[in-house]
Amino acid sequence: DVKVTQSSRYLVKRTGEKVFLECVQDMDHENMFWYRQDPGLGLRLIYFSYDVKMKEKGDIPEGYSVSREKKERFSLILESASTNQTSMYLCASSPGQDTGELFFGEGSRLTVL
Amino acid sequence: QKEVEQDPGPLSVPEGAIVSLNCTYSNSAFQYFMWYRQYSRKGPELLMYTYSSGNKEDGRFTAQVDKSSKYISLFIRDSQPSDSATYLCAMGRYSSASKIIFGSGTRLSIRP
């Protein structure tokens, strides 16, 4: 079974702090994604990556950056957390560009005070 | 107007009932359609995947796509309390995995 592991399930941070969200997948998937999920807004794509060291902006990249130094690991970075970044963050992976099948982690619920 | 519209619910039905969940969309370029199920405090998991108009059945679940009306449905027969979850429709185009659009989800509760 594909496993996507997000290192932190619940985080509480203060405004202005730097936040790292880590995601690791164990199925050698090419693609990795970061989404945020908010009530009434569904899932919105923040960043994605098709290959190591490659990243592309999604629909809402402002205030975020990412890092993919190894194929299995994709990190989301909030350089200076703000209260409007309080959300559920979901990492996903998929085996190729032509498939819409995403394998999600369990999510990281971030609260910024 | 959102590209994908989904009634957020919540929808509450008795055990054993047939459940119908629906989404409408506006972009005729979508080529494949999916339903994800998300249990509370968990990530979504793929439930059904289809790429053509018509019905696709998997056990108690049937996915229906009507491209002419831009309307997709998920039917759950003999619903069980374990089906209580949020159901997200999603759709996309081939070679554009980054362009999957999700509905906002319908929260479903099955009463024992």
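If you're matching them up, the sequences are chains A and B in order. Here the working numbering runs 143 ahead of the position in the first sequence, where the first position is 1. Here the working numbering runs 1 ahead of the position in the second sequence, where the first position is 1. Heads up, the beta-carbon is just placed ideally off N, CA and C, and yes, glycines get one too. Being a predicted model, the structure only gives us computed values, none of them experimental.
So is Leu256/A in contact with chain B if we call contact Cβ pairs under 8 Å? no
Suppose the cutoff is 6 Å on Cβ atoms and the five residues either side in sequence are ignored; what does the same chain contact list for Asp169/A look like? Lys146
Output, in sequence order along the chain, the residues in the region 177–190 of chain A whose CB is closer than 7 Å to any CB in chain B. Gly183, Leu184, Gly185, Leu186, Leu188
Identify the contact partners of Leu221/A in chain B, using a Cβ-Cβ distance below 9 Å as the criterion. Per Cβ cutoff of 9 Å: no residues; Leu221/A is ~20 Å from chain B at best.
Taking 8 Å as the cut-off, decide whether the C-beta atoms of Asn23/B and Tyr72/B are in contact. yes
Which word fits Val195/A, buried or exposed, when buried means at least 16 other C-beta atoms lie within 10 angstroms of its C-beta? exposed
Tell me the residue span of the beta strand (DSSP E) that contains Leu89/B. 86–93
Determine the contact status of Leu48/B and Tyr37/B, defining contact as a CB-CB distance below 8 Å. yes
Which bits of chain A does Ser105/B rub up against, with CB to CB less than 7 Å? Gly183, Leu184, Gly185
Quick one: which chain B residues come within Cβ less than 7 Å of Glu249/A? Lys43, Gly44
I'd like to confirm something about Thr254/A: is its beta-carbon nearer than 7 Å to some heavy atom of the ligand HEM, or not? The model on display carries no ligand, and the ligand HEM is accordingly not part of it.
Work out the CA separation of Arg187/A and Gln228/A for me, nearest whole Å. 13 Å
Taking Arg108/B as the reference, which of Thr158/A, Ser150/A, Gly185/A, Cys166/A has the closest Cα? Gly185/A
If the criterion is Cβ atoms closer than 8 Å, does the pair Leu154/A and Leu221/A meet it? no
Arg112/B vs Ser13/B beta-carbon contact at 8 Å: yes
Which runs of the alpha helix (DSSP H), 4 residues or longer, sit entirely within the region 9–69 of chain B? none
Which residues of chain A have a Cβ atom closer than 8 Å to the Cβ of Tyr50/B, listed in chain order? Gly243, Glu244
In angstroms with no decimal places, state the Cα-to-Cα distance between Ser54/B and Asp202/A. 28 Å
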